[in-house]
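Asks: What the sequence shown shows, in our numbering, is residues 364 to 1042, in sequence order.
Beta carbons: idealized from backbone N, C-alpha and C, even for Gly.
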Amino acid sequence: MLNERKTALEPGILNCWNIDDYFLVKQLDSTVILKQTNRTFEETHDLDAVLDVDGEILDVQRNSSGNLMCITTKGIYQDGVRIQAVDVVHGVFSQYGNAVYCTSKSIYFRSHHYRVNIDEVSCLSYLEQGTTSLVCVGDWKGDVKVIIPDKPTQKLSFGTAISSILGKVIGGETMMLIGTSHGDLHTIRKGERNKWNIGSSPVSLTDCDDFVLVYNAECVLKFVFDDTGNCSARGYIQITPPELIKYTNGQIWTLSDGAIGVLHIDKELMTLKHELQLPRLVRKCIKFKNFMNLSLFVTLTQLPSKLYEDELDFQCQLEVIENNTFKTVSTYKLPRGVEVTDAVNLAYRNDVISTMNEPPINFGVESFLSQCFAISCLHHTEDMKGSPIEIFSVDQDGKLERIATAPSSGIQYYCLTSHANRLLIAGGTRVCAYQIDYSLEHSKFTLQRVTEFLRPEHYTSHVTSVGPDVIITDALASTKYYKLEVLDEPDNEVFLRWVNVEYAYGFNNMFTVALDVFYDLELGADSYGGIGTGSAGADRLGVYSNVGYVLPDEINVIKAIERSKALISQKDLHRLMEDKGLRHIESIPLFLLGSASGGMYSLTFIQSQEVIEATRAILESKVQEIVYAGWKCETLFDYETGEVTTDGYIIDGDLVEMLEKSLGGSLLSNLFERHCSLL
364 MLNERKTALE
374 PGILNCWNID
384 DYFLVKQLDS
394 TVILKQTNRT
404 FEETHDLDAV
414 LDVDGEILDV
424 QRNSSGNLMC
434 ITTKGIYQDG
444 VRIQAVDVVH
454 GVFSQYGNAV
464 YCTSKSIYFR
474 SHHYRVNIDE
484 VSCLSYLEQG
494 TTSLVCVGDW
504 KGDVKVIIPD
514 KPTQKLSFGT
524 AISSILGKVI
534 GGETMMLIGT
544 SHGDLHTIRK
554 GERNKWNIGS
564 SPVSLTDCDD
574 FVLVYNAECV
584 LKFVFDDTGN
594 CSARGYIQIT
604 PPELIKYTNG
614 QIWTLSDGAI
624 GVLHIDKELM
634 TLKHELQLPR
644 LVRKCIKFKN
654 FMNLSLFVTL
664 TQLPSKLYED
674 ELDFQCQLEV
684 IENNTFKTVS
694 TYKLPRGVEV
704 TDAVNLAYRN
714 DVISTMNEPP
724 INFGVESFLS
734 QCFAISCLHH
744 TEDMKGSPIE
754 IFSVDQDGKL
764 ERIATAPSSG
774 IQYYCLTSHA
784 NRLLIAGGTR
794 VCAYQIDYSL
804 EHSKFTLQRV
814 TEFLRPEHYT
824 SHVTSVGPDV
834 IITDALASTK
844 YYKLEVLDEP
854 DNEVFLRWVN
864 VEYAYGFNNM
874 FTVALDVFYD
884 LELGADSYGG
894 IGTGSAGADR
904 LGVYSNVGYV
914 LPDEINVIKA
924 IERSKALISQ
934 KDLHRLMEDK
944 GLRHIESIPL
954 FLLGSASGGM
964 YSLTFIQSQE
974 VIEATRAILE
984 SKVQEIVYAG
994 WKCETLFDYE
1004 TGEVTTDGYI
1014 IDGDLVEMLE
1024 KSLGGSLLSN
1034 LFERHCSLL
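(1) If you compare alpha carbons, which of Asp589, Phe808, Glu820, Val864 is closest to Pro831?
(2) Report the start-end ranges of each beta strand (DSSP E) in the region 735-760 that is 3 residues or longer and not cut off at the edges.
(3) State the Cα-Cα distance for the pair Pro698 and Phe677, rounded to the nearest angstrom.
(4) From this set, Gly790, Ile799, Val826, Ile446, which residue's C-alpha is nearest Phe816's C-alpha?
(5) For Glu536, which of helix, strand or coil comes out of DSSP?
(6) Tell me whether Phe521 sits in a helix, a strand or coil according to DSSP, three-state version.
(7) Please name the residue in Ala596, Thr664, Ala840, Glu685 whose C-alpha comes closest to that of Asp760.
(8) Count the other CB atoms within 10 Å of the CB of Leu421; is the residue buried (16 or more) or exposed (fewer)?
(9) I'd like to check one pair, His743 with Cys778: are the Cβ atoms closer than 8 Å?
(10) Can you tell which of Pro952, Gln614, Ser567, Leu659 has the C-alpha that lies nearest to the C-alpha of Leu377?
(11) Please return the same chain residues whose Cβ sits closer than 8 Å to the Cβ of Pro604, not counting the five positions on each side in sequence.
(12) Pull up the distance between the alpha-carbon of Val416 and that of Val449, whole angstroms please.
(13) Which residue marks the beginning of the beta strand (DSSP E) containing Asn378, and which one marks its end?
(14) Please state the DSSP three-state secondary structure of Arg903.
(15) Is Arg552 helix, strand or coil when you go by DSSP?
(16) For Phe654 and Ser428, I'd like the C-alpha separation in whole angstroms.
(17) Phe736 and Ala706 - do their beta-carbons sit closer together than 8 Å?
(18) Since Ala356 and Thr543 should fall inside the 8 Å C-beta cutoff, what is the C-beta to C-beta distance between them, to a whole number of angstroms?
(19) What does the Cβ neighbour count give for Cys486, buried or exposed, with the cut at 16 atoms within 10 Å?
(20) Should Thr823 be labelled buried (16 or more other beta-carbon atoms within 10 Å of its own) or exposed?
(21) Within the continuous beta strand (DSSP E) that includes Leu618, where are the two ends?
(22) Short check: CB of Ile924 to CB of Leu955, under 8 Å?
(23) For Val342 and Ala767, I'd like the C-alpha separation in whole angstroms.
(24) Could you please give the first and the last residue of the uninterrupted beta strand (DSSP E) stretch that includes Thr394?
(25) Let me know if Asn560 comes out buried or exposed under the rule of 16 or more other beta-carbons within 10 Å of its beta-carbon.
(26) Tell me His475's beta-bridge partners as DSSP assigns them.
(27) Taking Thr662 as the reference, give the member of Gly624, Val701, Val920 with the closest Cα.
(28) Give a yes or no on whether the C-beta atoms belonging to Ile528 and Arg552 are separated by under 8 Å.
(29) Rounded to a whole number of angstroms, what is the C-alpha to C-alpha distance between Val862 and Ile918?
(30) With Leu709 and Leu732 assumed to form a contact (beta carbons below 8 Å), what rounded beta-carbon distance in angstroms separates them?
(31) Leaving out the 5 sequence neighbours to the left and right, which residues in its chain are closer than 6 Å to Val645 when beta-carbon positions are compared?
(32) Per DSSP, what kind of secondary structure is Ala448 in: helix, strand or coil?
(33) Taking buried to mean at least 16 other C-beta atoms within 10 Å of its own C-beta, is Leu803 buried or exposed?
(34) Hey, out of Gln492, Thr494, Asp502, whose CA is closest to Val484's CA?
(35) Out of Arg425, Thr466, Ser457, Met432, point me to the one whose CA is closest to Thr494's CA.
(36) Candidates Ile510, Asn855, Lys922: which alpha carbon is nearest Glu885's?
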């Protein structure tokens, strides 16, 4: 909620400082002092004496002794008296009142002096934590210099002008947040880098202690980071983006043309919940790596048939949605009778086929592929002819453009996955790999088939790319793992061949309707409500149990909560968890499952020995009762051997309730709630 009060502020607010009951607002042409009253802000001259300084004001702060400190382009002032004369390019105070400032050739802070090449400083950040100091200097060329006393100066390049920098201590480690003029947010912690795009305008950052507000001229987002530095929640704030957001004395202030407001954010509200009513059936939704503010929806509309009077025809269209407002910003209508069966992002991934010897692609092409997607099409027309795959690009305004198509082959494709090396895997009545290429000579993209057609037993319902493996699921048979290898003697454009990975164990239920992979754990669901897991790699089977379970509902979508770019062993996974500080976490959420009737399920891997031992003890004492009740859990009862086991079980709410009633207590539910809460 935003409560605003009218002021005489003009457009072009550059900075603001809250001093006691006053707001010192720096504008393009002037600096205004406003005093807060009960209902409004009034211009005053109460601070004129202490702010009668030479030069442009860069930062203002009242120190612990009550003195008003000020950094200007002409020096440092205390209560209006210059205490240090120096030509300053940029300067700020830390949270403890210590100053850092840049001259044309040097940076000064806490008696330290560093000579560095500073070319047109755009922003400056100073973080103090105990005896540790961190200074970050950004410039208009896109470079950030990181200075820590007694350590070599680091230089980071981002390719576009730096608009804001924020240093923040998270989980005992320093994280740097960097906003760019092209709408990107970068985070760096312990060498690990992440990137989000929130639009096309310069990004500003405001530290609000428990979270960070990231905003530009298009939207305002709330980012929450956990102790490992991962973004645990983010969402849009439903306000018109202000020119400036400041956090002081526990309050969030917004400043815009003609108004100052106080922003109240629910601490429980981690993400903004939108509801979008479309008069069409949504078939697919994807997001873009480069544009976090945009989403693509594939929709379908029924129309009267042109071929048969008593039948209905349909039309698919691509709709780009602005995530902040949920408004449609562009639409691309496909011809009547063309059904879009799948859509995937085409963000470039590094080489995982070691024998391809693929040279690095142009950075511009790599960046452009991040804003492209592919669709697979079925042509329900009289001649049944048309391109089975089409590639589109989207720009920062959401405009769509078709840039490449695959030649008509008579093959029907139902699913797609974006593999490494610019490869696109398509599955349906056949499975085939295409490579996306860019011709500098003709300035256009092409889509070329680079494998022979792989024939499934029936037809392919799902293809998933994880690391070097391509997971192919036959709708009526089982899941198989393949790798792509370079042919010794390539035949024209076809230079890759399919190689079956024999060691992998996959989900083998019939009528597979949903599938996804979490690291090397595969989860599939069939049309009868059965779900099951599989593992890729003989060296990985011993950690995750292969389990099967039947739910009283048909699962039609499965999404891994975290998706790795490459298959890794469980040993590597545990090492990764340790590196990220997750070793102490007692449960890891793996998958979210959606059902045909609108239900939501979650699947969690339990690490807590307390939960495992308590649950096993309860199950062992009640296992015959569970089997007698007809509980559909294959891992509790082996119908071939007649043996009962409690290894590799899945717990759900109904089973917990059943056990609680028989025990007359709440031990299991308390443990389960304490250790296994997902969201």
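Replies: Well, looking at it:
(1) Per the Cα distances, Val864.
(2) Taking only runs of at least 3 residues, the beta strand (DSSP E) segments lying wholly in the region 735-760 are 735-742, 752-757.
(3) Between the alpha carbons of Pro698 and Phe677 lies a distance of about 9 Å.
(4) In this structure, Gly790 is the residue among Gly790, Ile799, Val826, Ile446 with its C-alpha nearest to the C-alpha of Phe816.
(5) DSSP places Glu536 in strand when its eight states are reduced to three.
(6) The answer is coil: DSSP assigns Phe521 none of H, G, I, E or B.
(7) Residue nearest to Asp760 within the set Ala596, Thr664, Ala840, Glu685 is Glu685 (criterion: CA-CA distance).
(8) Classification of Leu421: buried, given that the 10 Å Cβ count is 16 or more.
(9) No, the Cβ-Cβ distance between Cys778 and His743 is not below 8 Å.
(10) The residue with the shortest Cα to Cα distance from Leu377 is Ser567.
(11) The residues Tyr578, Asn579, Ala580, Glu581, Cys582, Val583, in chain order, have a CB closer than 8 Å to that of Pro604 in the same chain once the five nearest residues on each side in sequence are set aside.
(12) Distance between the alpha carbons of Val416 and Val449 is about 13 Å.
(13) Looking at the DSSP string, the run of the beta strand (DSSP E) that includes Asn378 is 376-382.
(14) In this predicted model, Arg903 has a pLDDT of only 42, less than 50, meaning its place in the structure is not dependable enough to derive any value.
(15) Arg552: strand per DSSP, three-state reduction.
(16) Taking C-alpha positions only, Phe654 is separated from Ser428 by approximately 47 Å.
(17) Against a cut-off of 8 Å, the Cβ pair of Phe736 and Ala706 comes out as a contact.
(18) It is not possible to answer for residue 356, since the shown part of the chain is limited to 364 through 1042.
(19) Taking all protein chains in view, the Cβ of Cys486 is crowded by 16 or more other Cβ atoms within 10 Å, so the residue is classified as buried.
(20) Under this definition Thr823 is a buried residue.
(21) 614-619 is the span of the beta strand (DSSP E), which, as asked, contains Leu618.
(22) Contact flag set, yes.
(23) Because the chain is modelled from 364 through 1042, residue 342 falls outside the range shown and cannot be assessed.
(24) Counting along the chain, the beta strand (DSSP E) containing Thr394 begins and ends at 394-399.
(25) By the neighbour-count rule (16 or more Cβ atoms within 10 Å), Asn560 is buried.
(26) Paired residues: Phe472.
(27) Closest by alpha carbon: Val701.
(28) Cβ atoms of Ile528 and Arg552: not closer than 8 Å.
(29) Distance between the alpha carbons of Val862 and Ile918 is about 31 Å.
(30) Cβ-Cβ separation between Leu709 and Leu732: approximately 5 Å, consistent with a contact (criterion under 8 Å).
(31) Excluding positions up to five away in sequence, the list reads Phe660, Thr662.
(32) It is a strand residue.
(33) When all chains shown are included, Leu803 counts as exposed.
(34) The shortest Cα separation from Val484 among Gln492, Thr494, Asp502 belongs to Asp502.
(35) That would be Ser457, whose Cα lies nearest to the Cα of Thr494.
(36) Checked all of Ile510, Asn855, Lys922; the closest Cα to Glu885 is Lys922.
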